[in-house]
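Chains as they are written, first to last, in this note's numbering: chain A, 5 to 181; chain B, 739 to 1398. Below is one structure, written out as structure tokens; comments come after it.
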């Protein structure tokens, strides 16, 4: 019994290591695998928005848009924010934000403080829409085409390189098609 | 050429490390003094070789040798010299070289200052250090070569991430790594003790200063990181429960537990196997902290680039180091002789409570950090936990810890008198009552939890003073006698008082953040913004050019009641090489509160978004951390670490063991 107790730490560690291994090999990097939703129609949603209106899938129809999940409590979102601002201001990309598991007042403060790159912000306080989109954390960004299909999924903060080499060419292509 | 020399030095260091990991260990088993003595020389040799490699890397950075891939990717010729040097460890490969450099430093210190250690123990400790060194050097050489060349050499580099071009962050990693790697010595001592099957007071007397030193460095490192986050991220937060921050907090929590349990081993020879386990866990968490963020298992803003080959190697390394040491623990720990018995209410008992709470807190942080991973693999919804989880789990664990921290030092060893201790704390109780009453009166119905936090801070602060005053008989005997007592009181005791006072100061800083004020307004030059009684007058916003950036700099004159108090110049910088903006906040402090101003965007018609915060007591968070680290250092200078008790004690202990 006593010996068993002393083996507990190593047993726990083996379980933990198995998780790490699984995450590394079988599961892979959760941010690297393409979301199974890519090429699928975006999940339907209808959220109250920060400006007192609403944000739904139908409202996005007919244009190429970005959906960006973010939260005021998320540091990477702050890091990503200037890039989104530039996308919105210089490239005129329509970006719709979904505030994931965030209180309305906090979202409001975040936006008034940093400026809003978003055309409209849906409030997903319970995180349901996040689950529908299968996000693993915030920020994550989806590219939605004119037909309402998800065409690309970025599972981590966007980088300047990604925007230049991948996102902008894709948006141009989708806008033409 | 110099880069190749550096690479070669790393290879040689690996060979030496392999030698150090094997021969002295065999020597200790065979009691061959010659083989054991090899450990010292290889440890010193490693320091020379790794220093050479580290110097070669810094040389490549300083001379902007862009034929070295690592320099090309992380440096730029237009960067200030300071950041060229610190840029050497601001990336994955370079930071690993810094890691082994500190490891070599620790190994050489054990070899150099360990003259009074029993030969076998020293050989085994250094052998374990050699194993850790081999693992890391292999990792660097196989997956993260910092000296990889580019042909043809590019004309200029890509530049260091502007966020990292900051004095706070430049020196944050060395302190953090000093902490992480310093714990490797405690780990090596633990493994060596398990191999030998013996833990005694002399062992604890060796482990404690190392743990203390590592703990001090880690405390400073964490405080610097949080201070950096506070002044750069531009909204005044100072802790985000980000995976990378948590990775440094976990070894700190368990290391703090280790620090306290080692006292019990030293004074009472109890809690031996628990202390060994803590030593293993502390370093394991340091390893996990160093690696988790680089392996692709978790991602974070601060994380370095991810590469699957590295991930595999890292996992292997963790398996060998943590799995190996814990297996050894499972086999050998049950046979360790238990030491002195003690009643639940005693100094030992209080330290056990401290340990339980600290390790539980570390486990909570661990779960919270890895929860997204677990939840996903168990098929549950993909979740991430943020502030709410930590606020609800971490804080409740800290409350009993903070209550106990006041009582513990007043209890006697073996069997304490709780009632008596509490009676001696009447002054602390009174202080709590006063603070809470004043707090409630001033904020009437404000944040009750914050008032409670301040009350706790008063409790910890006053009781630390009471304990110290009792020791030196302050006010109960002549001033001369008190002075004499204070002088002859071990420095470790003064250190404890200082560290506990620091804890109280930090706690007060954290609690008071509930009363911060915040104004976000668009202001035109010539207009005012008022916050907490201060008038912030925006004089102008000017364009300026720095070495490798351009910036908008605001000039704000701050006055209170018509009197000029400060001039503040928050900036918004833009780094053209990386196409990245950063903000430089302006902070005016009077040590009781910070006035914190960040410049936002222009509204296009002459107005600027200004974010201003008034943060009461916030500097105390870091002042307290500095107190804690100073307390540790004071304790480190204690006489008993410096004199050679360690030589005689093992014999005495052995004789005692033979006697019973």
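We put the beta carbon where it would ideally sit given N, CA and C, even for glycine.
What are the residues in the region 1332-1347 of chain B lying within 8 Å of chain A by C-beta distance? 1338, 1339 and 1347
Unbroken beta strand (DSSP E) run spanning residue 1321(B), endpoints: One-based indexing of the second chain puts residue 1321(B) at position 583. Here the beta strand (DSSP E) through residue 1321(B) covers 1318-1322.
Is DSSP giving residue 1386(B) helix, strand or coil here? Along the second chain, read from residue 1 onward, the residue named residue 1386(B) stands at position 648. Its pLDDT being 41, under 50, residue 1386(B) is placed unreliably in this model, and the value from its coordinates should be taken loosely. Helix at residue 1386(B).
Are the CB atoms of residue 892(B) and residue 804(B) within a distance shorter than 8 Å? The sequence position of residue 804(B) within the second chain is 66, counting from 1. The sequence position of residue 892(B) within the second chain is 154, counting from 1. Yes; because the gap between Cβ atoms is below 8 Å, this pair is in contact.
Drop a sphere of 10 angstroms on the beta-carbon of residue 1386(B), count the other beta-carbons inside from all chains shown, and report buried for 16 or more, exposed for fewer. On the second chain, residue 1386(B) is found 648 positions in, with the first residue counted as 1. Because the pLDDT at residue 1386(B) is just 41, under 50, the model does not fix this residue reliably, and the point stays unresolved.
Determine the burial state of residue 1215(B): buried for a count of at least 16 other Cβ atoms within 10 Å of its Cβ, exposed for fewer. Taking the first residue of the second chain as 1, we reach residue 1215(B) at position 477. Exposed, because fewer than 16 other Cβ atoms sit within 10 Å of the Cβ of residue 1215(B).
If we define contact as Cβ-Cβ less than 8 Å, is residue 1076(B) a contact residue for chain A? For the purposes of this step, residue 1076(B) is taken as the residue at position 338 of the second chain. No, no contact with chain A.
Roughly how many angstroms separate the alpha carbons of residue 77(A) and residue 901(B), rounded to a whole number? The residue given as residue 77(A) occupies position 73 in the first chain. The residue given as residue 901(B) occupies position 163 in the second chain. Approximately 19 Å between the Cα atoms of the pair.
Find the residues of chain B that neighbour residue 82(A), judging by a C-beta separation of less than 7 Å, and give them in chain order. Translated into positions along the first chain, residue 82(A) becomes position 78. Under the 7 Å cutoff, chain B gives 971.
Give a yes or no on whether 8 Å exceeds the smallest Cβ distance from residue 1251(B) to chain A. Your numbering for residue 1251(B) matches position 513 in the second chain. Answer no: the Cβ-Cβ gap between residue 1251(B) and chain A never drops below 8 Å.
Range covered by the beta strand (DSSP E) that runs through residue 157(A): Taking the first residue of the first chain as 1, we reach residue 157(A) at position 153. Here the beta strand (DSSP E) through residue 157(A) covers 154-158.
Per-residue contacts from residue 749(B) into chain A (C-beta, under 8 Å): Walking along the second chain from the start, residue 749(B) turns up at place 11. The premise fails here: residue 749(B) is roughly 28 Å from chain A at the closest Cβ pair, so nothing lies under 8 Å.
Report, in whole angstroms, the separation of the C-beta atoms of residue 145(A) and residue 162(A), which I expect to be a contact under 8 Å. Along the first chain, one-based indexing puts residue 145(A) at 141. Along the first chain, one-based indexing puts residue 162(A) at 158. Right, the Cβ-Cβ distance comes to about 6 Å (below 8 Å), so this counts as a contact.
Under 8 Å between the Cβ atoms of residue 928(B) and residue 840(B)? As a first step, residue 928(B) is located in the second chain; it is residue number 190 there, counting from the start. As a first step, residue 840(B) is located in the second chain; it is residue number 102 there, counting from the start. Result no, Cβ atoms of residue 928(B) and residue 840(B) do not sit closer than 8 Å.
Roughly how many whole angstroms lie between the Cα atoms of residue 829(B) and residue 1104(B)? Residue mapping note: residue 829(B) aligns to position 91 of the second chain, counting from 1. Residue mapping note: residue 1104(B) aligns to position 366 of the second chain, counting from 1. Going by the C-alpha atoms only, they are around 25 Å apart.
Span of the alpha helix (DSSP H) holding residue 984(B)? Start at 1 with the first residue of the second chain, and residue 984(B) comes out as number 246. Counting along the chain, the alpha helix (DSSP H) containing residue 984(B) begins and ends at 981-1006.
Simplified DSSP state of residue 1041(B), which is helix, strand or coil: If you number the second chain from 1, residue 1041(B) lands on position 303. Reliability of the predicted coordinates at residue 1041(B) is poor, the pLDDT of 42 falling under 50, and the value obtained from them is presented with this limitation in mind. DSSP places residue 1041(B) in coil when its eight states are reduced to three.
Please classify residue 739(B) as buried or exposed, where buried requires at least 16 neighbouring CB atoms within 10 angstroms. As a working mapping, residue 739(B) is identified with position 1 in the second chain. Exposed: under 16 other Cβ atoms inside 10 Å.
Which full runs of the alpha helix (DSSP H) of 4+ residues lie inside the region 821-853 of chain B, going along the chain? 830-851
May I ask you to list the residues that DSSP assigns as paired with residue 72(A)? Along the first chain, one-based indexing puts residue 72(A) at 68. According to DSSP, residue 72(A) bridges with 101(A) and 145(A).
Out of 1179(B), 1207(B), 1331(B) and 1175(B), which one is the CA nearest neighbour of residue 1162(B)? As a working note, residue 1162(B) is residue 424 in the second chain. Selected option, being the one with the closest Cα: 1207(B).
Status (buried if at least 16 other CB within 10 Å, exposed otherwise) for residue 1230(B): Position 492 of the second chain holds residue 1230(B). By the neighbour-count rule (16 or more Cβ atoms within 10 Å), residue 1230(B) is buried.
State the start and end residues of the unbroken beta strand (DSSP E) segment that holds residue 784(B). In the second chain, counting from the first residue as 1, residue 784(B) sits at position 46. First-last for residue 784(B): 771-800, but that is the alpha helix (DSSP H), not the beta strand (DSSP E).
Contact defined as beta carbons within less than 8 Å: I believe residue 1142(B) pairs with residue 1081(B). What is the distance between those atoms, to the nearest angstrom? For this step, residue 1142(B) is matched to residue 404 along the second chain. For this step, residue 1081(B) is matched to residue 343 along the second chain. Incorrect: roughly 16 Å between the Cβ atoms, too far for contact.
Helix, strand or coil for residue 15(A) per DSSP? As a working mapping, residue 15(A) is identified with position 11 in the first chain. Correct three-state label for residue 15(A): helix.
Would you say residue 850(B) and residue 867(B) are within 8 Å of each other, going by their C-beta atoms? Indexing the second chain from 1 puts residue 850(B) at position 112. Indexing the second chain from 1 puts residue 867(B) at position 129. Cβ distance not < 8 Å, so residue 850(B) and residue 867(B) don't count as in contact.
Residue 1097(B) and residue 992(B): beta carbons closer than 8 Å? Translated into positions along the second chain, residue 1097(B) becomes position 359. Translated into positions along the second chain, residue 992(B) becomes position 254. The answer is yes: Cβ separation under 8 Å.
Let me see if you follow: with CB-CB separation under 8 Å, is residue 177(A) close to chain B or not? The count along the first chain starts at 1 and reaches residue 177(A) at position 173. No, no contact with chain B.
So, at 7 Å on beta carbons, what are the nonlocal neighbours of residue 1043(B) in its own chain, with the 5 sequence-adjacent residues on each side left out? Translated into the one-based positions of the second chain, residue 1043(B) becomes position 305. Per-residue confidence for residue 1043(B) stands at a pLDDT of 44, beneath the threshold of 50, marking its modelled position as unreliable; no derived number is given.
Please name the residue or residues paired with residue 1258(B) in a DSSP beta bridge. What you label residue 1258(B) is simply residue 520 of the second chain in a count that begins at 1. Answer is 1349(B), bridged to residue 1258(B).
Residues near residue 1338(B) by beta carbon distance below 7 Å, same chain, minus five either side: Within the second chain, the letter at position 600 stands for residue 1338(B). 1346, 1347, 1348 and 1349, listed in sequence order.
Considering only the alpha carbon of each residue, which of 1282(B), 1329(B) and 1271(B) lies closest to residue 1301(B)? By 1-based counting over the second chain, the position of residue 1301(B) is 563. The option with the nearest alpha carbon to residue 1301(B) is 1271(B).
Quick one, which residues of the region 114-137 of chain A are near chain B if we go by CB-CB under 9 Å, in chain order? 114, 116, 117, 118, 119, 131, 134 and 135
Would you mind sorting residue 80(A) into buried or exposed? The rule is 16 or more other CB atoms within 10 Å of its CB. Start at 1 with the first residue of the first chain, and residue 80(A) comes out as number 76. That one is buried.
Validate contact between the region 1235-1243 of chain B and the region 1348-1363 of chain B using beta carbons, cut 8 Å, 3 pairs: yes
Please confirm if residue 37(A) has its CB atom under 8 Å from at least one CB of chain B. In the first chain, counting from the first residue as 1, residue 37(A) sits at position 33. Because residue 37(A) carries a pLDDT of 47, less than 50, the predicted location of this residue cannot be relied on, and no value is offered for it.
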